[in-house]
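Number of protein chains: 2
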Amino acid sequence: MADPPERSVSDPDEEIMRATYRALQEHGYADLTIKRIAEEYGKSTAAVHYHYDTKDDLLATFLDYILDRFVDTIHEVETTDPEQRLELLLDKLLTEPEDHHDLLIAVLEMRSQAPYKEAFADRFQQNDEYVRYMLRTVIDHGISEGIFTDVDSTHVARALMTIVDGGRTRAVVLDDADTLATARRTANEYVNAVLRPDTDGDREK
Amino acid sequence: MADPPERSVSDPDEEIMRATYRALQEHGYADLTIKRIAEEYGKSTAAVHYHYDTKDDLLATFLDYILDRFVDTIHEVETTDPEQRLELLLDKLLTEPEDHHDLLIAVLEMRSQAPYKEAFADRFQQNDEYVRYMLRTVIDHGISEGIFTDVDSTHVARALMTIVDGGRTRAVVLDDADTLATARRTANEYVNAVLRPDTDGDREK
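Chains as they are written, first to last, in the UniProt record's numbering: chain Y, 1 to 205; chain W, 1 to 205.
This is how it looks when you write it as structure tokens:
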């Protein structure tokens with residue numbers, strides 16, 4: 001059975017989001033214009049403006065779109081085993097598909113504008129809360145099953161997002177793909193230390 | 001004996017750097033102009049251009065200036081005890097003096113431009129290498145004294161910088177001062193787990 005396309009291709013919002021994605025990959029955030037998005041969309045700037053008043057309105061919606069896509073990939077994580085699920089979540093958060101480096105750059109540019117643009121700040125805040133909620137849920141699940149140590153799951157979720165955001169920032173600033181692998185390894189060491197202290201060495205407790 | 005002023009106040013480079021600092025705090029990176037720097041400098045834009053051809057030349061020098069200032073604060077760390085020294089380094093890296101939040105914002109803006117501006121990328125790369133060198137040195141010192149576990153100090157320095165950069169990015173994007181404290185706590189948990197695994201639990205010290 002063939003999978004249907006992700007969403008209806010004739011949905012103009014979806015098409016504009018895809019065009020924005022390509023325009024961001026090509027031009028980055030600072031040099032992005034409605035004209036360049038319209039070029040990728042294959043229609044006039046008026047056709048884009050019909051849906052979005054300003055570039056920033058469009059980009060705020062784009063941030064929602066990215067989060068939706070990320071949530072979709074999370075739903076692909078089918079296991080409910082807390083250890084496996086946490087590993088897979090961290091994999092998704094710290095893996096960079098090859099053609100996505102430009103998007104990582106554009107997102108860091110938008111993140112740096114959050115102090116000046118409330119619509120961006122709101123999205124990044126919501127995005128972060130959602131991902132932390134998922135991390136907290138799987139950690140709490142592991143605690144309730146006696147697999148993980150009884151930790152402050154709110155803090156551990158924040159700590160893991162600190163490692164994730166550090167890896168992503170460093171991937172852009174240092175232009176070094178190893179930074180994501182380093183962050184993944186760091187997250188793993190942190191999880192082992194904080195959630196599974198007994199697996200370390202020969203201690204018994 | 002009174003300390004002399006940090007540097008000669010009549011040094012125009014130093015004065016322009018201080019003016020740039022104030023202009024960045026007030027306007028951020030995107031809205032920074034030579035005119036605004038000149039206003040803080042109290043001289044004409046020509047007086048600024050006499051020293052720097054472009055805004056980006058000036059800002060690349062400003063990134064050197066920030067690193068120099070950071071190195072100065074590191075030299076204030078007088079202890080050679082590896083444990084104390086590592087703690088103090090992490091304190092310096094993850095403490096935000098109250099009036100420096102605007103600088104943290106401006107630096108993230110500049111970091112996000114590293115993929116487009118080689119002079120910025122070079123500075124951030126050098127800065128990162130220098131701080132990692134300091135971290136590695138203190139970790140290796142602790143290993144040689146038998147205080148720290150014999151770890152891959154190159155990786156541990158990278159891991160700690162991942163946590164530092166994550167905390168700084170989150171402080172800007174989420175506009176939440178607790179993010180630096182969370183990162184500091186995470187760094188501490190990581191150091192305890194990786195460098196002092198045996199002190200966990202029934203320690204005696």
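Each residue gets a CB set at the ideal place from its N, CA and C atoms; glycine is no exception.
*Members of the segment 146-160 of chain W that neighbour chain Y once the beta carbon cut-off is set at 8 Å*: H155, R158, A159
_Exposure of W:E129, with buried meaning 16 or more beta-carbon neighbours within 10 Å_ = Along the second sequence, read from residue 1 onward, the residue named residue 129 of chain W stands at position 129. Exposed, since its Cβ has fewer than 16 Cβ neighbours within 10 Å.
*Give the residues from the segment 89-122 of chain W that approach chain Y closer than 8 Å (Cβ to any Cβ), ordered along the chain.*
I105, L108, E109, R111, S112, Q113, A114, P115, Y116, A121
*Would you tell me roughly how many angstroms separate the C-alpha atoms of W:A183 and W:V138, rounded to the nearest one?*
On the second sequence, residue 183 of chain W is found 183 positions in, with the first residue counted as 1. On the second sequence, residue 138 of chain W is found 138 positions in, with the first residue counted as 1. Between W:A183 and W:V138, the C-alpha separation is close to 20 Å.
_Looking at Y:L94: is its Cβ nearer than 8 Å to the Cβ of Y:L180?_
For the purposes of this step, residue 94 of chain Y is taken as residue 94 along the first sequence, with counting starting at 1. For the purposes of this step, residue 180 of chain Y is taken as residue 180 along the first sequence, with counting starting at 1. Yes, they are a contact pair.
*Would you report the Cα separation of Y:L160 and Y:D81, rounded to the nearest angstrom?*
Position 160 of the first sequence holds residue 160 of chain Y. Position 81 of the first sequence holds residue 81 of chain Y. Near 19 Å, if we compare the C-alpha coordinates of Y:D81 and Y:L160.
_W:R168 versus W:H141, W:H100, W:A193, residue with shortest Cα-Cα distance_ = Translated into positions along the second sequence, residue 168 of chain W becomes position 168. When only C-alpha atoms are compared, the closest one is W:H100.
*For the putative contact between W:D140 and W:Q25, defined by C-beta atoms under 8 Å, what is the C-beta separation to the nearest angstrom?*
Against the second sequence, residue 140 of chain W aligns to sequence position 140. Against the second sequence, residue 25 of chain W aligns to sequence position 25. About 37 Å; that fails the 8 Å criterion.
_Cutoff 8 Å: residue 206 of chain W Cβ touching any chain Y Cβ_ = The requested residue 206 of chain W does not occur in the structure, where chain W is confined to residues 1 to 205.
*How would you call W:R85, buried or exposed, if buried means at least 16 neighbouring beta carbons within 10 angstroms?*
Taking the second sequence and counting its residues from 1, one reaches residue 85 of chain W at position 85. When all chains shown are included, W:R85 counts as buried.
*If we count Cβ pairs, one from each stretch, closer than 8 Å, do we get three or more for the segment 60-77 of chain Y versus the segment 116-135 of chain Y?*
yes
*Segments of 4+ residues assigned as alpha helix (DSSP H) that fall wholly inside the segment 49-95 of chain W*: 55-75, 82-93
*Express the C-alpha separation of W:L135 and W:T20 in angstroms, rounding to a whole number.*
In the second sequence, counting from the first residue as 1, residue 20 of chain W sits at position 20. In the second sequence, counting from the first residue as 1, residue 135 of chain W sits at position 135. Taking the straight line from one Cα to the other gives about 29 Å.
*Any non-hydrogen atom of the ligand ADP within 7 Å of Y:D128 CB*: This structure lacks the ligand ADP; in fact it carries no ligand of any kind.
*Out of W:I163, W:R196, W:V172, state which residue places its alpha-carbon closest to the alpha-carbon of W:T186.*
On the second sequence, residue 186 of chain W is found 186 positions in, with the first residue counted as 1. Nearest of W:I163, W:R196, W:V172 to W:T186, Cα basis: W:I163.
_Can you confirm whether W:V164, when its beta carbon is compared against all beta carbons of chain Y, has any partner nearer than 8 Å?_
For the purposes of this step, residue 164 of chain W is taken as the residue at position 164 of the second sequence. Yes, W:V164 counts as interfacial toward chain Y.
*For W:I147, which three-state DSSP category applies?*
Taking the second sequence and counting its residues from 1, the one referred to as residue 147 of chain W is at position 147. Of the three classes helix, strand and coil, the one that applies to W:I147 here is coil, per DSSP.
_Proximity below 8 Å, CB of Y:A171 to CB of Y:L67_ = One-based indexing of the first sequence puts residue 171 of chain Y at position 171. One-based indexing of the first sequence puts residue 67 of chain Y at position 67. No; because the gap between Cβ atoms is not below 8 Å, this pair is not in contact.
*Please compile the residues from chain Y whose C-beta is within a distance smaller than 8 Å of the C-beta of W:V194.*
On the second sequence, position 194 is the one that residue 194 of chain W refers to. Chain Y residues near W:V194: E189, A193.
*Taking Cβ-Cβ distances below 7 Å as the criterion, which residues of the segment 123-134 of chain W are in contact with chain B?*
Absent here is chain B; the protein component of the structure consists of chains Y and W.
_Please identify the residue among Y:Y29, Y:D64, Y:I34 whose C-alpha is closest to the C-alpha of Y:Y52._
The residue given as residue 52 of chain Y occupies position 52 in the first sequence. Minimum Cα distance to Y:Y52 is reached at Y:I34.
*asked:* Quick check on the burial criterion: 16 or more other C-beta atoms within 10 angstroms. Buried or exposed for W:Y29?
replied: The residue labelled residue 29 of chain W in the question sits at position 29 within the second sequence. By the neighbour-count rule (16 or more Cβ atoms within 10 Å), W:Y29 is buried.
*Residues of chain W with CB under 8 Å from Y:D56, in chain order?*
Reading the first sequence from its first residue, position 56 is the one you call residue 56 of chain Y. Correct list: empty, because the minimum Cβ distance to chain W is about 13 Å.
*Give a yes or no on whether the C-beta atoms belonging to W:T79 and W:L89 are separated by under 8 Å.*
Here residue 79 of chain W is taken as the residue at index 79 of the second sequence, counted from 1. Here residue 89 of chain W is taken as the residue at index 89 of the second sequence, counted from 1. Cβ distance not < 8 Å, so W:T79 and W:L89 don't count as in contact.
_Taking 8 Å as the threshold (C-beta atoms), are Y:E96 and Y:A177 in contact?_
Position 177 of the first sequence holds residue 177 of chain Y. Position 96 of the first sequence holds residue 96 of chain Y. Cβ distance < 8 Å, so Y:A177 and Y:E96 count as in contact.
*Counted within 10 angstroms of its Cβ, other Cβ atoms place Y:Q126 as buried (16 or more) or exposed*: If you number the first sequence from 1, residue 126 of chain Y lands on position 126. With fewer than 16 other Cβ atoms within 10 Å, it is exposed.
*The alpha helix (DSSP H) spanning Y:Q113 covers which residue range?*
In the first sequence, counting from the first residue as 1, residue 113 of chain Y sits at position 113. First-last for Y:Q113: undefined, no H or E at that position.
*What's the gap between the Cα of W:T115 and the Cα of Y:S112?*
Here the question's residue 115 of chain W lines up with position 115 in the second sequence. Here the question's residue 112 of chain Y lines up with position 112 in the first sequence. A small fix is needed here, since residue 115 of chain W is Pro in this sequence, not Thr. C-alpha separation (whole angstroms): 14 Å.
*Note the first and the last residue of the continuous alpha helix (DSSP H) segment covering W:A177.*
Position 177 of the second sequence, counted from the start, is the residue given in the question as residue 177 of chain W. Here W:A177 belongs to no alpha helix (DSSP H), and DSSP marks it neither H nor E.
*Going by the beta-carbon positions, is the gap between Y:T124 and W:V173 smaller than 8 Å?*
Translated into the one-based positions of the first sequence, residue 124 of chain Y becomes position 124. Translated into the one-based positions of the second sequence, residue 173 of chain W becomes position 173. The sequence shown places Phe at residue 124 of chain Y, rather than the Thr named in the question. For Y:F124 and W:V173, yes; Cβs fall inside 8 Å.
*Please compile the residues from chain Y whose C-beta is within a distance smaller than 7 Å of the C-beta of W:V173.*
The residue you call residue 173 of chain W lines up with position 173 of the second sequence. Chain Y residues near W:V173: R111, A114, F124.
*List the endpoints of the continuous alpha helix (DSSP H) containing W:T33.*
In the second sequence, the residue the question calls residue 33 of chain W occupies position 33. Where W:T33 is concerned, there is no enclosing alpha helix (DSSP H), given that its DSSP letter is neither H nor E.
_CB contact check: W:T182 to chain Y, cutoff 8 Å_ = Position 182 of the second sequence, counting from 1, holds the residue named residue 182 of chain W. True, the Cβ-Cβ gap to chain Y drops below 8 Å.
*Check the C-beta distance from W:A157 over to W:R196 and give it rounded, since I have them as a contact under 8 Å.*
Taking the second sequence and counting its residues from 1, the one referred to as residue 157 of chain W is at position 157. Taking the second sequence and counting its residues from 1, the one referred to as residue 196 of chain W is at position 196. Actually they do not touch by this definition, with Cβ atoms about 16 Å apart.
*To which residues of the same chain is Y:V194 closer than 8 Å at the C-beta, ignoring the five residues directly before and after it?*
Locating residue 194 of chain Y in the first sequence gives position 194, where the first residue counts as 1. So the qualifying residues of the chain are T149, V151, V156, A159.
_Quick check: W:R83 and W:I143, are their CB atoms within less than 8 Å of each other?_
Residue 83 of chain W sits at position 83 when you count from the first residue of the second sequence. Residue 143 of chain W sits at position 143 when you count from the first residue of the second sequence. The question names Arg, but residue 83 of chain W in the sequence shown is Glu. Contact flag unset, no.
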